[in-house]
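Structure record follows, encoded as structure tokens.
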Amino acid sequence: QAKEAGRNGYRFFTAEMHNGYTRMLALENGLRQAIDRQQLSLVYQPQYSLGEHRLLGFEALLRWRHPELGPVSPAEFIPIAEKNGFIVSLGDWVLDTALRQLADWRAQALPPVTLGINISAAQLRQHPLCDRVRLLLQETGVPAEALELELTESVMLDHPQRALAIMDQLHELGVKLALDDFGTGYSSLSYLKRFRLARLKIDQSFVRDLLLDDEDRAIVGAIISLARNLGLGTIAEGVESPEQAQMLHHMGCEQAQGYHLGRPMAAEQATLLLQAAVVCED
Ligand code: C2E
Ligand code: MG
Ligand code: MG
Ligand code: MG
717 QAKEAGRNGY RFFTAEMHNG YTRMLALENG LRQAIDRQQL SLVYQPQYSL
767 GEHRLLGFEA LLRWRHPELG PVSPAEFIPI AEKNGFIVSL GDWVLDTALR
817 QLADWRAQAL PPVTLGINIS AAQLRQHPLC DRVRLLLQET GVPAEALELE
867 LTESVMLDHP QRALAIMDQL HELGVKLALD DFGTGYSSLS YLKRFRLARL
917 KIDQSFVRDL LLDDEDRAIV GAIISLARNL GLGTIAEGVE SPEQAQMLHH
967 MGCEQAQGYH LGRPMAAEQA TLLLQAAVVC ED
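UniProt numbering numbers the first residue of the sequence shown as 717 and each following residue consecutively.
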């Protein structure tokens, strides 16, 4: 049987490659029309304070339904869009849509939540991001502090000076900056003090086995005390059980998001959640 597989190995491999490559091309071409053909949407994942369990914000996450291929994960199409530069238009669409949603919630006298938006390194490099954000804040009347831009350490890879300058401008505007997937990147800890961050997002890979793995627990503990000593907030990602939430709270983590607390949901569902939060508060 091994011999059989070996004999067919080459053909199998090229077929796989071909499929992967045609899929990539289809996605790349499809992306160009995704905005105009209204195939994109945002879903919103709630963020809660640990302990009081107050709904404090949402993270906006991009969704794409390809007409033939169905739903495509951002983990697959964002890297493609980054490579061909299309991330700039996608990113503009996300900013625009998310800020209009936030303005809409604020107009309805719902609890004043923050909204996290993922910004890719390519977007920060190639684009007058700060002008764009300033304009959108003016147009929508959303206060800058309600907006949190999520960056990963990869923003520092190519042009650290430029990235830092743009982050300074965003900070001046009053926009909050968060470091996403913290603990998984390559940058040195010394960047932390130059980044002008509001908070660290503890990556879900450290949260997954928090109750089973002493080392993950040690890393999460170190991130929380590092954040505290630098005056930064903390939010844990990927919280899937009440035990994880309890442990994180016990360890001093401030906020959490994850399937246990709420899945990413359509704007209508997020609105219902916000309306329910008003009732709970008094
Ligand atoms: P991220 O920003 O770290 O987002 C968190 C991811 O974890 C999301 O995946 C979310 O759906 C997922 N998640 C949330 N709670 C749980 C949980 O309890 N367990 C597990 N296993 N996963 C959970 P998603 O939506 O597939 O997004 C993947 C990545 O794609 C994001 O990671 C972000 O890097 C990128 N992305 C998503 N939307 C955008 C966008 O609008 N712009 C850019 N530039 N990147 C985006
Ligand atoms: Mg994120
Ligand atoms: Mg993350
Ligand atoms: Mg990520």
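Idealized CB from N, CA, C, for every residue including glycine.
Answer with buried or exposed for residue 917, where buried requires no fewer than 16 other C-beta atoms within 10 angstroms of its C-beta. Within the sequence shown, residue 917 is the residue found at index 201, counting from 1. Answer is buried; the Cβ neighbour count reaches 16.
Can you tell me which of 897, 746 and 957 puts its alpha carbon nearest to the alpha carbon of residue 939? On the sequence shown, residue 939 is found 223 positions in, with the first residue counted as 1. Ranking 897, 746 and 957 by Cα distance to residue 939 puts 897 first.
If I'm right that residue 954 touches residue 924 with Cβ under 8 Å, what's the distance once you round it to whole angstroms? Position 238 of the sequence shown, counted from the first residue, corresponds to residue 954. Position 208 of the sequence shown, counted from the first residue, corresponds to residue 924. Indeed, because the Cβ distance is near 6 Å, the residues count as touching under 8 Å.
Are there any heavy atoms of ligand 2 lying less than 7 Å away from the beta-carbon of residue 735, as far as the coordinates show? For the purposes of this step, residue 735 is taken as the residue at position 19 of the sequence shown. Remark: the C-beta of residue 735 is outside contact range of ligand 2, defined as less than 7 Å to any heavy atom.
Paired residues, beta bridge with residue 779 - DSSP: On the sequence shown, residue 779 is found 63 positions in, with the first residue counted as 1. According to DSSP, residue pairing for residue 779 in a beta bridge involves 757.
What does the alpha-carbon distance come out to for the pair residue 888 and residue 922? The sequence position of residue 888 within the sequence shown is 172, counting from 1. The sequence position of residue 922 within the sequence shown is 206, counting from 1. Their backbone Cα atoms lie some 32 Å apart in a straight line.
Are the region 791-804 and the region 740-747 touching by the rule of at least three beta carbon pairs closer than 8 Å? yes
Sequence-ordered residues whose beta carbon comes within less than 7 Å of a heavy atom of ligand 2: 775, 832, 834, 866, 896 and 917
Under DSSP, the alpha helix (DSSP H) around residue 937 begins and ends at which residues? Along the sequence shown, one-based indexing puts residue 937 at 221. Per DSSP, residue 937 belongs to the alpha helix (DSSP H) from 930-946.
Can we count residue 789 as close to ligand 1, meaning its CB is less than 7 Å from some heavy atom? Along the sequence shown, read from residue 1 onward, the residue named residue 789 stands at position 73. Answer for residue 789: yes, Cβ within range of ligand 1.
Counting pairs of Cβ atoms below 8 Å between the region 767-781 and the region 903-916, do you hit three or more? no
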